[in-house]
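Everything on this sheet refers to the single structure shown next.
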């Protein structure tokens, strides 16, 4: 189990200027351990495919437990998924969601993998913030986001839209097919939030919990996990609609904001950060 506490980090990781053309091609990406989801600007459907490559006789998984372990494999997967779907000779603006606790290494590897799509610029955003944006959550007050994926579960406390505290465990819904149970996931989340409450000398964690944590990821589709969390935390939960695609939908909102921004150079689109009201 990993944890971090930090104060108001920069949420956008951008190395190139904003595109000058408001109609430029854009792409939102959420690359998970078992599924990769993508949204192309101007289209309604979200592409949803297995995060898998076939380098030889068998299958390989370039992303494991929230970490990109095979950059060339991830690039091959993106090219297979998106290479023929993007406009020819386009230079897309790409928004990529990232686990909160993987830091610079994940962002560096994600940028390297995305280069296969010849991006004009790459923006990274923590998945927890993208989830909050997808549901238009009120970020003027502290917010807890519980993101239960296939192989990774993160609990993130957002204050004014920024990461204030975070915990994670390398356990998810895909592990339920083996020796693990939904009770273990519920207990892990309860333990992480309890630890946050004990270490927080301010009232923000308790305030966020009393409002009800946002429950997202594939785990939000499991009623047994939700019931265990409500019982263990003695607090309400707010299930996100279509929770497995919430992160990519939030990234798509960032993409739309970037494309409509009138400035260029080093300016940021409205709301990043802090989030505009």
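Residue numbers (our numbering): 19 to 295. Note that beta-carbon positions come from the ideal geometry of N, C-alpha and C, so glycine has one too. Quick caveat: nothing in here was measured; it's all calculated off a predicted structure.
Nearest-angstrom Cα distance between residue i and residue j?
i	j	result
residue 260	residue 65	14 Å
residue 105	residue 43	7 Å
residue 165	residue 109	31 Å
residue 167	residue 52	9 Å
residue 247	residue 63	32 Å
residue 198	residue 71	26 Å
residue 2	residue 163	The structure shown has nothing for residue 2, since the chain only spans 19 to 295.
residue 74	residue 218	49 Å
residue 183	residue 174	6 Å
residue 275	residue 172	26 Å
residue 269	residue 152	8 Å
residue 119	residue 169	14 Å
residue 234	residue 262	7 Å
residue 245	residue 79	31 Å
residue 255	residue 181	20 Å
residue 146	residue 61	24 Å
Buried or exposed for residue i, going by 16 or more other Cβ atoms inside 10 Å?
i	result
residue 237	buried
residue 39	Only weak support exists for where residue 39 lies, its pLDDT of 48 falling under 50; the value from the coordinates is given anyway. With fewer than 16 Cβ atoms within 10 Å of its Cβ, residue 39 is classed as exposed.
residue 278	exposed
residue 136	exposed
residue 107	exposed
residue 144	buried
residue 241	exposed
residue 222	buried
residue 117	buried
residue 258	buried
residue 69	buried
residue 195	exposed
Looking only at its own chain, which residues have a Cβ that is under 7 Å from the Cβ of residue i, when we skip the five neighbours before and after it?
i	result
residue 157	150, 176, 178, 179 and 293
residue 273	44, 46, 59, 111 and 113
residue 103	58
residue 243	166, 200, 203, 204 and 237
residue 131	86, 89, 92, 93 and 96
With respect to the alpha helix (DSSP H) encompassing residue i, which residues constitute its N-terminal and C-terminal limits?
i	result
residue 212	200-217
residue 188	Residue 188 -> no alpha helix (DSSP H), and no H or E assigned at all.
residue 268	264-277
By Cβ distance, which residues of its chain are closer than 6 Å to residue i, with the 5 residues on each side in sequence left out?
i	result
residue 48	55, 115, 265 and 266
residue 213	none
residue 148	115, 265, 268 and 269
With 8 Å as the threshold, decide whether the Cβ of residue i is near any Cβ in chain C.
i	result
residue 46	Annotation note: the requested chain C is absent from the structure, which comprises a single protein chain.
Note the first and the last residue of the continuous beta strand (DSSP E) segment covering residue i.
i	result
residue 64	From DSSP, residue 64 is part of no beta strand (DSSP E); its letter is neither H nor E.
residue 144	139-144
residue 11	The structure shown does not extend to residue 11, since the chain is modelled only from 19 through 295, so no value can be given for it.
Looking only at its chain, what residues have a beta carbon closer than 8 Å to the beta carbon of residue i, apart from the 5 residues adjacent to it on each side?
i	result
residue 99	54, 56, 65 and 67
Would the stretch 122-134 count as touching the stretch 186-200 if we require 3 or more Cβ pairs under 8 Å? Counting Cβ pairs under 8 Å, fewer than three are found: no touch.
**Prompt:** Would you say the stretch 217-232 touches the stretch 157-176, given that touching needs at least three Cβ pairs under 8 Å?
**Reply:** Cβ pair count under 8 Å is three or more, so yes.
inquiry  = Contact between the stretch 198-211 and the stretch 130-147 is defined here as three or more beta-carbon pairs at a separation below 8 Å; is this criterion met?
reply    = The stretch 198-211, when compared against the stretch 130-147, does not touch it at the 8 Å Cβ threshold.
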